[in-house]
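Protein chains in written order, with our numbering: chain A, -18 to 266; chain B, 2 to 548.
From the three backbone atoms N, C-alpha and C, an ideal C-beta is built for every residue, glycine too.
Bear in mind that the values here come from a model prediction, so they are computed numbers and not experimental data.
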């Protein structure tokens, strides 16, 4: 919906080890240990709450509370979402909703109601915070086919070798980071002028290269910033930056991208090929 | 201590004079072409963001110079405070709000804050500080004005009414519950005796709606849900009423209005769950749609869906631009939008009839061609999967909420756009996914440019690449724009310059390096015979005038 959130999703920090199964549907599982509970919730209470809910509410509302045969999704219920520490949920459980076929659960103790509430609120929180989402096993591709794509004429092997620059690549990056880097191996691809983008991106050897030709001479370096009005470059040898004023085509400026082949290929990739190449490279540990 | 005393004395001394309320803004004046006022988010009701002023023009723009700067003051000292929360939260120092200008005073907002600033001097008149109970503090797009009253929405979903002269609170009303992850950013729209508002927030699967409220009391006059309910034929585009109710579609930007037709036009947001579509088979009306609502009743007159069954967080929540112009040689009432899907749409705004769709950029891969009605037909192979799919554009879209502009002088529609890619990973494989249900990893923006489109054909007449940094484009291209009868288009260059472009070919004729990109829609007005151009960039508002 709003871009700064989308860009803020930090996938690396929640990355599971390669091959680790997804945990999103763990509430369906019998393995209580796998219940994912955000840090600010009482884990023991949520785990108990899941069992109590499954036993008492699961028949109608599903064992994970997301709705079942007849009952609505509890994690989407306004009453549950607006509930504070089980108070509103507890009041409803006392009476039930006889008109809608929901019996009373007055036998549930206050502590049990609170556990159910903790479980539901923890799951609602997990649903709502994308930073807590867990990416599953992405190594589903065919490594052999990946190798043939890698080695095909004009393919990755034109510039790369699994024995040289990509040696041990599967150990250097987890599969999700690796798949991202196959597409575009540039650290500073975050958007926005400022840290991580404009200010430090030029430390990356894969930064755009600029050549500036003035009547005095020719200057080359990594691009720091280019506008219609000026250009700044960085010399990785001396560590110095230098700026030039631009006016129309003076001085002459040429920009080249060391990753042009990657950028061009973004428009060509199909997902099966990408998964296959990821599976192939992930094997080099 | 001394400072405080001094301040009190000044307030006391000035109090009686300032306390006399002026005549206020006649609601009939709202929506008139912006000349000596700027009374709505986009200046008038058309969404064009076009000014007839031409003191600043292609020749004189070189003399455009800084008149003043106002840096957002988030401090509690001296502020009028309100709100339901206990303590203030950290400010969001990026101005997305468009300042309204009435009688020489500017009114604008940020999450939890509203200000009045002197339009001649840039000095603060008052500051209102809302103590929040929570909510996502991502932005606030501005205030609405009715007579002497201002209105703004808060991240914790309150509608707050202030006295424009003093900043004192008149009342506040809860419009949604923040515990359900609603948060509100929209600038309220005043139309006659109605105040139009909508909340936002798609972290959870909650209902979306547009409301008309009474500007005096804040009471609801009508409410239109952005998804159908029982008995509506459109419910056939959802598996169940429950899925439709949970289907969001928040209309979180101010809409446009045609007084002759009595129709309010607004774009609706993405369906929920956002990226995992497996529990909501069907087109999911009226999400991702341009809708026309009867201003008196709130009834839907027509709708046009720009991305049926969206699975990439695209939406139609972009500037809805009303154009009165020729189409195929005949004068028509038109409606144009360039949106997140990567397409430019032109509709007949009387009937909703589709006239044309054209792609804004290369590389869009989430759809395979267009339907007979011009709708991009989603490629199900690009729905998020566990091992990931590469999608263009990324979820922020080819363009986004920063408002486009249409100049009747040049006949061109201007918009900032990008070519971008993201990997989408399905994380919630449950048959009943919740929230977003998938993660996104941005690969990057490959191109960003300012584009000028012939609205009659949808063809790009010119485009100008934005500036670059070490990794290529440094902005997503989307930017707030303003066009003027002086033959200028004001926007940014993606690397921190505020630029006056020539409207016919995109040549930059003037610029000011603000260090960061402009972050709101620029405005312009005449005050004391002088034309001002205003823009917000980061935590400051800059005013420019000719020297």
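Run of the alpha helix (DSSP H) containing residue i, from where it starts to where it stops
i: residue 61 (chain A); result: 59 to 63
i: residue 29 (chain A); result: 24 to 37
i: residue 54 (chain A); result: Unbroken run through residue 54 (chain A): none, as it is neither H nor E.
i: residue 69 (chain A); result: 68 to 76
i: residue 173 (chain B); result: Residue 173 (chain B) -> not in any alpha helix (DSSP H); beta strand (DSSP E) instead, spanning 170 to 175.
i: residue 211 (chain B); result: From DSSP, residue 211 (chain B) is part of no alpha helix (DSSP H) but of the beta strand (DSSP E) over 210 to 214.
i: residue 163 (chain A); result: 156 to 164
i: residue 263 (chain A); result: 252 to 263
Residue i, DSSP secondary structure in three states
i: residue 197 (chain A); result: coil
i: residue 194 (chain B); result: coil
i: residue 3 (chain A); result: Low local confidence applies: a pLDDT of 36 at residue 3 (chain A) is under 50, so the model's placement there is unreliable, with the coordinate-based value given in what follows. Residue state, collapsed to three classes: coil.
i: residue 419 (chain B); result: strand
i: residue 183 (chain A); result: helix
i: residue 347 (chain B); result: strand
i: residue 244 (chain B); result: helix
i: residue 151 (chain A); result: helix
i: residue 227 (chain B); result: coil
i: residue -6 (chain A); result: Any reading at residue -6 (chain A) must be qualified, since the residue scores a pLDDT of 32, below 50, and its modelled position is unreliable; the value itself is stated next. Helix at residue -6 (chain A).
i: residue 512 (chain B); result: strand
i: residue 29 (chain B); result: helix
i: residue 106 (chain A); result: helix
i: residue 545 (chain B); result: strand
i: residue 320 (chain B); result: coil
i: residue 215 (chain A); result: strand
i: residue 55 (chain B); result: coil
i: residue 144 (chain A); result: coil
i: residue 96 (chain B); result: coil
i: residue 162 (chain B); result: strand
i: residue 62 (chain B); result: helix
i: residue 241 (chain A); result: helix
i: residue 182 (chain B); result: coil
Per DSSP, the bridge partner or partners of residue i
i: residue 272 (chain B); result: B:249
i: residue 114 (chain B); result: B:111 and B:130
i: residue 114 (chain A); result: Paired residue(s): none; residue 114 (chain A) is not in a bridge.
i: residue 102 (chain B); result: B:39 and B:107
i: residue 455 (chain B); result: B:413
i: residue 83 (chain B); result: B:131
i: residue 474 (chain B); result: B:469
i: residue 371 (chain B); result: B:377
i: residue 304 (chain B); result: B:292
i: residue 235 (chain A); result: A:192
i: residue 259 (chain B); result: B:264
i: residue 461 (chain B); result: B:454
i: residue 442 (chain B); result: B:424
i: residue 254 (chain B); result: For residue 254 (chain B), which the question treats as bridged, DSSP gives no partner whatsoever.
i: residue 204 (chain A); result: A:214
Delimiting residues of the beta strand (DSSP E) encompassing residue i
i: residue 533 (chain B); result: 531 to 538
i: residue 355 (chain B); result: 355 to 360
i: residue 131 (chain A); result: No beta strand (DSSP E) contains residue 131 (chain A), which is instead part of the alpha helix (DSSP H) from 124 to 132.
i: residue 489 (chain B); result: 489 to 493
i: residue 338 (chain B); result: 331 to 339
i: residue 226 (chain A); result: 221 to 226
i: residue 525 (chain B); result: 524 to 528
i: residue 67 (chain B); result: 65 to 72
i: residue 392 (chain B); result: 390 to 392
i: residue 501 (chain B); result: 498 to 503
Any 3 or more C-beta pairs closer than 8 Å across the segment 67 to 82 of chain B and the segment 474 to 486 of chain B
No, because fewer than three Cβ pairs between the segment 67 to 82 of chain B and the segment 474 to 486 of chain B fall closer than 8 Å, the two stretches do not touch.
Going along the segment 57 to 71 of chain A in order, which residues come within less than 9 Å of chain C, judged by CB to CB distance?
The question asks about chain C, but that chain is absent: this structure's protein chains are A and B.
Is it true that the segment 517 to 528 of chain B meets the segment 30 to 38 of chain B, where meeting means three or more beta-carbon pairs spaced less than 8 Å apart?
Proximity of the segment 517 to 528 of chain B to the segment 30 to 38 of chain B meets the contact definition, three or more beta-carbon pairs being nearer than 8 Å.
Counting Cβ pairs closer than 8 Å, one from the segment 155 to 163 of chain B and one from the segment 179 to 197 of chain B, do we hit at least three?
A contact is defined here as three or more CB-CB pairs under 8 Å, and the segment 155 to 163 of chain B meets this definition with respect to the segment 179 to 197 of chain B.
Do three or more CB pairs link the segment 192 to 203 of chain B to the segment 165 to 174 of chain B at distances below 8 Å?
Touching, no, given that fewer than three Cβ pairs across the two stretches are closer than 8 Å.
Inter-stretch contact (C-beta, 8 Å, three-pair minimum) for the segment 465 to 473 of chain B and the segment 423 to 440 of chain B
Below 8 Å, too few C-beta pairs join the segment 465 to 473 of chain B and the segment 423 to 440 of chain B to call them touching: fewer than three.
I'd like to know if the segment 302 to 314 of chain B and the segment 273 to 286 of chain B are in contact, where contact means that at least 3 CB-CB pairs between them fall below 8 Å.
Touching, per the Cβ criterion.
State whether the segment 384 to 396 of chain B contacts the segment 243 to 256 of chain A, with contact taken as three or more CB pairs (one from each stretch) at a distance under 8 Å.
Touching, per the Cβ criterion.
State whether the segment 85 to 103 of chain A contacts the segment 51 to 71 of chain A, with contact taken as three or more CB pairs (one from each stretch) at a distance under 8 Å.
Yes, since at least three Cβ pairs between the segment 85 to 103 of chain A and the segment 51 to 71 of chain A fall closer than 8 Å, the two stretches touch.
Validate contact between the segment 116 to 131 of chain A and the segment 255 to 262 of chain A using beta carbons, cut 8 Å, 3 pairs:
A contact exists between the segment 116 to 131 of chain A and the segment 255 to 262 of chain A.
Does the structure place the segment 332 to 341 of chain B close enough to the segment 409 to 419 of chain B that three or more beta carbon pairs sit under 8 Å?
Enough Cβ pairs lie closer than 8 Å, so yes.
Within 8 Å, do at least three Cβ pairs link the segment 285 to 297 of chain B to the segment 355 to 368 of chain B?
Taking a cut-off of 8 Å for Cβ pairs, the segment 355 to 368 of chain B and the segment 285 to 297 of chain B do not touch, as fewer than three such pairs fall below it.
Do three or more CB pairs link the segment 134 to 144 of chain B to the segment 86 to 104 of chain B at distances below 8 Å?
Two segments are said to touch when three or more pairs of C-beta atoms, one from each, lie closer than 8 Å; by this definition the segment 134 to 144 of chain B touches the segment 86 to 104 of chain B.
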